[in-house]
Structures are given as C-alpha cells and as structure tokens.
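The numbering of the sequence shown is my numbering, which starts it at 578 and goes up by one.
Just so you know, even glycine gets a beta-carbon here, dropped at the ideal spot from N, CA and C.
All remarks here apply to the structure that follows.
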Amino acid sequence: MSTIRMESEVETLSSGSASGDPLERENAVVFRGDGEPQSADLLLGRLAEIQSESGLSPDNYSLGGSVADLENHFATALGKESAVYMPTGTLANHLAIRALCAGKPRAIVQEQSHLYHDCGDCVTQLSGINLVPLAKGECCFTLDELKEAVAESTSGRVLSSIGAVMIESPVRRQMGQVVSFQEMKAMTEYCRSQGIGTHLDGARLYMMSAASGISPREYSALFDTVYVSLYKYFGAPYGAILAGDSHLIEGMFHTRRMFGGGLASSYFAAGLALKGTKGFEERFGAAMQQGRDLVQRLNTLPKLAIKEFEHGSNIFPLNFASDVDTEIVLENLRRNQVFLYPDEGADRISRLTVNTTILRQANDEIFEAFEAALKAA
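Structure follows, in structure tokens:
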C-alpha cells in the first residue's frame with residue numbers, strides 16, 4: 578500500500594525532529610550539499626556522545642589533543658608522512674602552494690578553481706605568487722596545455738619559473754565533475770620530472786573516490802600535498818586538513834599562526850570531524866550506488882530527465898519539462914520528506930545532489946514521491 582502524501586493532505590513540516598528541523602528527520606532525503614544538514618542541537622548532541630564514548634582532548638592554539646588525533650588519522654588515511662589542521666580550505670590551499678613554490682613566482686591552477694575565483698587573490702596578495710589560470714570554462718587543462726604553460730613561463734626574457742601545479746577535483750564550478758585519474762597521473766609525473774610541486778585541492782576527495790572507486794590514498798599518492806575539507810561532509814562546523822611530506826608540513830603551524838589561523842581552540846571541530854570519518858567511505862559508497870540506481874529509475878518518468886557526467890561525482894544534471902510547475906513538484910516532494918531545491922539565487926532546478934541522506938529512504942519510496950509529485954504538477 579502506497580504511503581505517498583498528496584497535496585491536499587495536511588503536513589506540519591516543522592515537527593518530528595529533536596531540533597524542529599524537518600531536514601533532520603530520520604526519513605528526510607535532502608538532495609542538496611555534500612553532507613547531512615547540521616543544526617546546533619545535532620552538533621551539541623554529537624559532542625556529548627563523543628565526550629561520553631571516548632572523550633574530547635583540548636588543544637593549545639590548534640596543537641595537540643583531539644586536533645593531533647585528527648591530523649594523525651588523516652596522515653595515515655592519505656598515506657602521507659604528516660598532516661596539519663587548518664581553520665579553512667582557503668588557507669590550506671594557499672599555504673600548500675606557498676610551501677611548494679619555495680620562492681618561485683608562479684603556480685598553475687584551473688581557471689574554474691575555487692582558489693582562482695573565490696579567494697580574493699590571496700596567494701598573490703599575501704605570498705607574492707602569481708596564479709596562471711588554464712582551461713577557461715572547462716573542468717581541467719590537458720597535459721599538453723600544462724607543458725605549453727610551463728614552457729612559456731620559462732622562455733621569456735626574465736625567467737618566471739612555475740613552482741607548483743594545483744588540481745581541484747571534483748570541480749565545484751563544473752557541477753562536481755572530476756579530473757580522470759590517468760590525466761592526474763600523467764600531469765603529476767610530468768611535474769615531478771620538471772621539479773614542479775603538485776597539490777590536490779581535494780576538498781571533496783571522498784566524493785570523487787566514491788564515484789570512481791579509486792581510494793583517497795591512491796589519489797593522494799600522486800601529489801606532494803593534499804587538502805581535504807572537514808565541514809563539507811564529515812560533520813565539523815569548520816576546518817580542513819593539509820597532508821604531505823614532513824619537510825613541508827611539520828613546521829607549517831608557524832605559518833598558519835602568522836596568517837591568523839592558529840585558533841585558540843579547535844578540539845570541538847576536530848572531534849566532530851574524527852567521528853564523522855568513521856564508516857564514512859562505506860556509507861557514501863552505498864549512497865552513490867543508490868543514487869545512480871535512482872537516477873536510472875527516475876529517467877523512466879515523463880517530463881523529467883537526469884544525466885550522469887562521464888567523469889562525474891555526486892551531482893547529476895536535472896531538467897524538468899517546460900510545462901511542469903516545479904513549485905508544485907517541490908511542495909509535494911516535501912510532503913514525503915524528499916527535499917529538492919532551486920539553484921542558489923535562481924528559480925530553476927538544475928541538479929540532484931546525492932549525499933548520505935539518500936540512505937534514509939528506499940529508492941521505491943523516493944521514486945513514488947517523484948512520480949506522485951509530477952502527476953500533481
């Protein structure tokens with residue numbers, strides 16, 4: 578018997594969760610963001626659990642305690658000699674490039690990268706390193722484009738050496754598309770032969786790994802340094818990890834503090850992130866498989882088309898037929914605890930983003946919710 582609620586039924590969405598947030602209900606499937614929604618009540622409850630189970634150990638200006646436990650965890654998980662906690666991904670990427678360049682004046686990045694577009698030219702303004710953006714409007718540059726840029730930088734009247742190459746993958750501005758492992762391997766091998774440092778902006782590394790079946794450790798092995806976000810999907814309110822060889826990382830806490838990143842206390846965020854890593858790869862792998870299966874089923878419905886990128890991660894381009902009233906669709910989906918959202922700052926809905934909340938309902942239930950919502954629209 579169907580449990581689908583139709584538009585005429587009364588539904589109070591603000592009830593049913595401890596925090597009053599409908600997105601935290603046990604059956605709420607939220608097709609937005611890489612991680613599960615986090616309320617203050619949820620975070621405080623989780624901190625209490627951690628303190629009860631294993632205890633939280635204070636740090637001193639982001640040194641020691643639970644922060645050190647987190648750093649050790651990621652150094653091992655990523656196969657690196659050392660790891661350092663950073664308050665933001667912006668600082669992690671910046672300090673990685675700064676260390677890798679070691680006085681060389683240029684670093685190559687994707688034109689679509691977060692560091693190039695969204696960080697206020699911090700690397701240039703604060704470290705005197707000019708970013709060379711390649712592959713405008715594309716997911717990533719090719720090996721040939723990289724070689725050409727390196728040659729151009731070293732053949733001018735004044736030598737302007739490339740000190741580092743950064744690859745962001747998945748690429749947020751390209752709907753989570755990823756750079757193929759073989760392309761990464763070829764480019765990092767070339768960089769190594771040229772004495773150029775390599776950095777992976779792997780904020781969403783674990784999304785990419787679940788999509789490709791290639792472990793985070795295998796991706797990490799290609800690069801000198803790797804950044805991973807702690808708040809996007811591990812449940813921390815903020816924070817980042819930067820991992821790499823010990824000669825690059827172990828003293829970096831000094832530079833972190835010089836840039837204002839030596840927070841007086843970070844152990845709450847570190848403890849939450851460490852808890853969030855437990856079983857995450859298995860859960861997100863299951864979520865990705867369920868998401869792909871769901872996309873295949875949803876594509877059997879009229880007036881709805883969902884694509885999968887050849888090299889995609891957890892974002893699937895979505896398109897409703899022009900005569901579908903999407904407001905009615907969204908309202909009816911909400912009545913069945915399925916939450917889909919328009920693009921930020923726009924009315925159109927262009928994507929279905931899979932995260933572990935998809936595991937809260939079976940695909941049969943989610944499919945029925947979409948089917949009923951489309952009929953109502």
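Please confirm if the segment 770-787 is in contact with the segment 706-720, defined as three or more CB-CB distances below 8 angstroms between the two stretches. Contact fails: fewer than three Cβ-Cβ distances are below 8 angstroms.
| task | Determine the contact status of Glu658 and Ser823, defining contact as a CB-CB distance below 8 angstroms. | result | What you label residue 658 is simply residue 81 of the sequence shown in a count that begins at 1. What you label residue 823 is simply residue 246 of the sequence shown in a count that begins at 1. A contact, by the Cβ cut-off of 8 angstroms.
Do the CB positions of Val742 and Gln689 come within less than 8 angstroms of each other? Here residue 742 refers to the residue found at position 165 of the sequence shown. Here residue 689 refers to the residue found at position 112 of the sequence shown. No, Cβ-Cβ distance for Val742 and Gln689 is not below 8 angstroms.
**Asked** Counting along the chain, where does the alpha helix (DSSP H) carrying Gly848 start and finish?
**Response** To locate residue 848, count along the sequence shown from 1; it is residue 271. Note, Gly848: alpha helix (DSSP H), Tyr844 to Thr854.
| Are the beta-carbon atoms belonging to Leu851 and Met663 less than 8 angstroms from one another? | Locating residue 851 in the sequence shown gives position 274, counting from the first residue. Locating residue 663 in the sequence shown gives position 86, counting from the first residue. No, Cβ-Cβ distance for Leu851 and Met663 is not below 8 angstroms.
Among Leu736, Pro793 and Ser738, the one whose alpha carbon lies nearest that of Ser746:
Walking along the sequence shown from the start, residue 746 turns up at place 169. Cα-wise, what sits closest to Ser746 is Pro793.
For Ala605, the nearest candidate out of Lys713, Gln914, Asn649 and Leu647 (CA to CA):
The sequence position of residue 605 within the sequence shown is 28, counting from 1. Checking every option, the nearest Cα to that of Ala605 belongs to Gln914.
So, for Ala950: in the same chain, excluding its five sequence neighbours on each side, which residues have a beta-carbon less than 6 angstroms away from its beta-carbon? One-based indexing of the sequence shown puts residue 950 at position 373. Result list for Ala950: Val906, Asn909 and Leu910, in chain order.
Under three-state DSSP, which class holds Val755? One-based indexing of the sequence shown puts residue 755 at position 178. If DSSP states are grouped into helix, strand and coil, Val755 belongs with coil.
Can you give me the C-alpha to C-alpha distance between Leu878 and Glu626, rounded to a whole angstrom? By 1-based counting over the sequence shown, the position of residue 878 is 301. By 1-based counting over the sequence shown, the position of residue 626 is 49. Rounded to the nearest angstrom, the two C-alpha atoms are 43 angstroms apart.
Exposed or buried, what is Lys855 when buried is set at 16 or more other beta-carbons lying within 10 Å of its beta-carbon? Your numbering for residue 855 matches position 278 in the sequence shown. That one is exposed.
Determine the extent of the beta strand (DSSP E) in which Val661 is found, giving its start and end residues. On the sequence shown, position 84 is the one that residue 661 refers to. Note, Val661: beta strand (DSSP E), Ser659 to Met663.
Review point. Are there 16 or more other CB atoms within 10 angstroms of the CB of Ser899, so buried, or fewer, so exposed?
Key: Walking along the sequence shown from the start, residue 899 turns up at place 322. Answer is exposed; the Cβ neighbour count stays below 16.
Requested in this report: For Ser648, count neighbouring Cβ atoms within 10 angstroms of its own Cβ and tell me buried if that reaches 16, exposed if not.
Outcome: Your numbering for residue 648 matches position 71 in the sequence shown. Looking at the sequence shown, residue 648 is not Ser but Glu. Per the 10 Å Cβ criterion, buried.
Hey, would you say Ser730 sits closer than 8 angstroms to Arg675, going by beta carbons?
-> For the purposes of this step, residue 730 is identified with residue 153 of the sequence shown, where counting begins at 1. For the purposes of this step, residue 675 is identified with residue 98 of the sequence shown, where counting begins at 1. Not in contact: Ser730 and Arg675 (Cβ atoms no closer than 8 angstroms).
*asked:* For Ala946 and Ile926, what's the separation of their Cα atoms in angstroms?
replied: In the sequence shown, residue 946 corresponds to position 369, counting from 1. In the sequence shown, residue 926 corresponds to position 349, counting from 1. The straight-line gap from Cα to Cα measures roughly 17 angstroms.
| Which whole-angstrom value is the C-beta distance of Ile744 and Met761, which I expect to be below 8 angstroms? | In the sequence shown, counting from the first residue as 1, residue 744 sits at position 167. In the sequence shown, counting from the first residue as 1, residue 761 sits at position 184. Going by Cβ atoms, the distance from Ile744 to Met761 rounds to 6 angstroms, so yes, they are a contact pair.
Original post:
For Thr775, which of helix, strand or coil comes out of DSSP?
Top reply: Numbered from 1 along the sequence shown, position 198 holds the residue referred to as residue 775. DSSP places Thr775 in strand when its eight states are reduced to three.
Query raised in the report: Going by beta carbon distance, what residues of the same chain come within less than 7 angstroms of Met865, once the five residues before and after it are set aside?
Result: In the sequence shown, counting from the first residue as 1, residue 865 sits at position 288. For Met865, where only same-chain residues beyond five positions count, the Cβ hits under 7 angstroms are Ala787, Ala788, Asn891 and Val931.
task: Pick out whichever of Asp870, Glu601, Arg833 and Cys699 has its Cα sitting closest to the Cα of Asp561.
output: No statement about residue 561 is possible, as the shown extent of the chain runs from 578 to 954 and does not include it.
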